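Step one of this worksheet: look at the structure below.
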Amino acid sequence: MKMRMVRQGALWLGLAVMPIALWASGTPKVTLLQNVEVRGSVITLRDLLPPPSSAASLYSRASRTIISIAPAPASSRAIFRGEIERALRNEPKLLDQLQIPLRITVRRYGRRLTAAEVANAINAVLGNGNGTGKLESGELTLPAVYVTQDDPGIEIVRIEADPLRQQTRFLVHARRETSLLPFWVVTHASVRGVRSAAAALVTARAIQAGQVVAPEDFVVVNEGAQEDVPPAVSAADFAGLQAKVNLKAGQRVNRSMFEPPVLVEPGVPVRLVVEQSGFRITTSVIPLQRGVLGQRIRVRDPDTHRILAAEVVGLGRLRATW
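Letter 26 of the sequence shown, counting from 1, is numbered 745 in this note's numbering, and no numbers are missing.
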């Protein structure tokens, strides 16, 4: 009888321990890459995962999870474990499946735009594709511009002749590069058959000062344009900014009318996250100046009265690393 009880006890103990053993020997965590290259304007969790063969079950969800804004084309930035953990705070099951390095270096792909690409766009506008009066790439002076697309959609927005300087300026727009502002290209060569476009961006409705705008708040109108070319600024350029003045419906807009929204006000306590050597500290500090997204401002620790510098990362949120 005692032997039977001992055997039954051992059986029950084995059944009780089995789930723990299965849990302990479960699927191993997926380790994120420490060096990655992205092409888009945002960094998603999918960008940080190893090849699909080792993380196939995570890929569909990871592609919809945004971690941070990507760096400028042809540049890099570091993202830290705490930043990824904050982005996944509403996905605890997903977070449990990951092994996150302390620091991940993210580089955004970018190549330098060539003078030949710009020259081709200029000649297409001027009707010089047949070689008559054709501008050569060596006759153009352009700034160092980096793009992420094989075909960035180069278009000529405006053409201005300057007889005094004996030069012609071309305002160039890359419509497939949403983060790239229009830029000027100059030539001292003789340019014939100059035509200009007069497309303009105007407000679709009345906008009040301080209002944060979206792309749908603007429309493009053609004011006698000879070419179907976008204006010097696009609606995407103003997304997330706030109006500095009251604007009427149908009013032409420019960059001076908008500014980044203020996310931190002086004297109003905010949360500061300090990341250093594998640990993170959250504390409350007092800003000493206003701050917009990405700006570094001075803050004061109310306990030690020490003055620190921190980056604005959100509404009432700052970050500092040492």
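Even for Gly, the Cβ is constructed at its ideal location relative to N, Cα and C.
The model shown is predicted, which means the values in this text are computed figures rather than measured ones.
- Within the model, the alpha-carbon separation for residue 959 versus residue 966 is close to 16 Å.
- In the three-state reduction of the DSSP assignment, residue 800 falls in the helix class, which pools H, G and I.
- The three-state reading of DSSP puts residue 754 in strand, counting E and B together.
- Here residue 1010 is buried. Its C-beta has 16 or more other C-beta atoms within 10 Å.
- DSSP places residue 767 in no beta strand (DSSP E) but in the uninterrupted alpha helix (DSSP H) bounded by 764 to 767.
- DSSP, read as helix, strand or coil, puts residue 778 in helix.
- Nearest C-alpha to residue 754 among 954, 907, 796, 805: 796.
- Exposure of residue 998 is indicated by the presence of fewer than 16 other C-beta atoms within 10 angstroms of its C-beta.
- When the Cα atoms are used, residue 838 and residue 930 turn out to be separated by approximately 40 Å.
- Of the residues 764, 834, 824, 828, the one whose Cα lies closest to the Cα of residue 804 is 764.
- Residue 799 and residue 992 have their alpha carbons spaced roughly 12 Å apart.
- Rounded to whole angstroms, the gap between the alpha carbons of residue 808 and residue 760 is 22 Å.
- In the DSSP annotation of this structure, the continuous segment of the alpha helix (DSSP H) that includes residue 813 starts and ends at 811 to 815.
- For residue 874, the uninterrupted beta strand (DSSP E) run begins and ends at 873 to 881, by DSSP.
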